[in-house]
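See structure below.
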Amino acid sequence: MIRKRIGMKLLLLLALFGGIALSTAIQPAKAQGGSWLRWLIDVNFISSTASPDDIQMNLIVQIGHTTQSGTRIIDDEHVEPVSCLTVGSPQVKNGRVTLDGASYFQCAVPSPKEIALAKWGITIPDQSAANLDPFVTGRGLLDVNSGATNPIFYRDDIQFGVTYDDAAQNSTLNVLFGQDSAASTSFPAPLTAPGRLMKGRFNRVGPNSFAPQFEAGPWTPAASPAIIANPIVISHLQSTVFVGYSPATGEYFEGTLGSLRIDPGCETSG
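For what it's worth, the numbering used here labels the leading residue of the sequence shown as 8, then goes sequentially.
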């Protein structure tokens, strides 16, 4: 009788552990690269009777995972409105803002690190290197009387702007991520057509190598340098950003801007 009970218990234990092993075996491997967190900034301009100079800026923080096949899946997303201060008299109409060379927006962007901790209990580092393709993209046009340098977006480690050479009647785009910058070759006109696409992108071509790429309306000017062979390190802490102004140079954007998207290309894990 005792032997029978021991045998029954042994069978139950074997079944239990076998079930656990089987259950573990059939669980799909969720991630090849594991879970990740990333963030980006969206900027839009909303006109209203009550406030004719509205800027709508959102910090978007995403968590997700990478499948075995390498597909990135977003599991959850948090959109945090950003508080902005309007300086001067920008004019907003039809989803665009016209800046007169003395107006801009100053915005206090919350910390993606703090949002990750508060929302999901995830701790990420203060900064990390870009492991995707960081880019800034937007639409706009330059005033024909604009100054030489027209900063579009400024943060200490992310900057985007367009320079205009009145004598040569051409423009160049400039972008900075981390401590590395690139400039386009000139394209043969100021951005004088409404809604012209402007884009600066660092295509990741190696672990710490990036190939800058630019678009300006119908033009795809070459980039200088052609390759950046440095890690692109981006902060995940609270920051102050400017639209239409650079505190580093004291220069302003003069012309019209549409929506902007700023993506630092950082996927980081806790």
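Backbone N, C-alpha and C define an ideal beta-carbon position, used for all residues, glycine too.
Lys-206 sits buried, since 16 or more C-beta atoms from the chains shown fall within 10 Å of its C-beta. Taking Gln-69 as the centre and dropping the five residues before and after it, the same chain places the C-beta of Arg-45, Ile-81 and Glu-84 closer than 6 Å to its C-beta, in chain order. Annotation for Ala-218: the continuous beta strand (DSSP E) segment containing it runs 216-223.
In the displayed model, Ala-189 falls within a strand according to three-state DSSP. Between Leu-47 and Arg-208, the CB-CB gap reaches or exceeds 8 Å. Ala-230 carries a strand assignment under DSSP once its states are collapsed to helix, strand and coil.
In this chain, the beta strand (DSSP E) harbouring Ala-115 covers 111-116. Under the DSSP definition of a beta bridge, Pro-88 partners with Asn-65. By the Cβ test, the region 235-249 is in contact with the region 116-135, since at least three Cβ pairs between them sit closer than 8 Å. Within 10 angstroms of the beta-carbon of Pro-228 lie 16 or more other beta-carbons, which makes it buried. Residue state for Glu-258 is assigned as strand, using DSSP reduced to three classes. Within the same chain, and ignoring the five residues on either side of Thr-156 in sequence, the residues whose Cβ sits closer than 7 Å to its Cβ are Gly-168, Thr-170, Thr-256 and Glu-258. For Pro-97, the secondary structure class from DSSP, reduced to helix, strand or coil, is coil. Residue state for Leu-244 is assigned as coil, using DSSP reduced to three classes. A distance below 8 Å separates the beta carbons of Glu-261 and Gly-108.
DSSP, reduced to helix, strand and coil, places Ile-129 outside both helices and strands of the structure shown, so it counts as coil.
Measuring C-alpha to C-alpha distances from Gly-213 to each of Ser-54, Asp-140 and Gln-134 identifies Asp-140 as the nearest. Here the alpha carbon of Leu-124 sits roughly 29 Å from the alpha carbon of Thr-144. By the Cβ rule, the region 88-104 does not count as touching the region 71-80, because fewer than three pairs are nearer than 8 Å. Within the same chain, and ignoring the five residues on either side of Arg-103 in sequence, the residues whose Cβ sits closer than 7 Å to its Cβ are Phe-52, Thr-263, Leu-264 and Gly-265. With contacts defined by Cβ atoms closer than 8 Å, Ala-190 and Gly-272 do not form a contacting pair.
Within the model, the alpha-carbon separation for Arg-146 versus Phe-184 is close to 19 Å. Close CB contacts of Arg-162 within its chain, under the 7 Å cut and outside five residues either way in sequence, are with Ser-246 and Val-248 (chain order).
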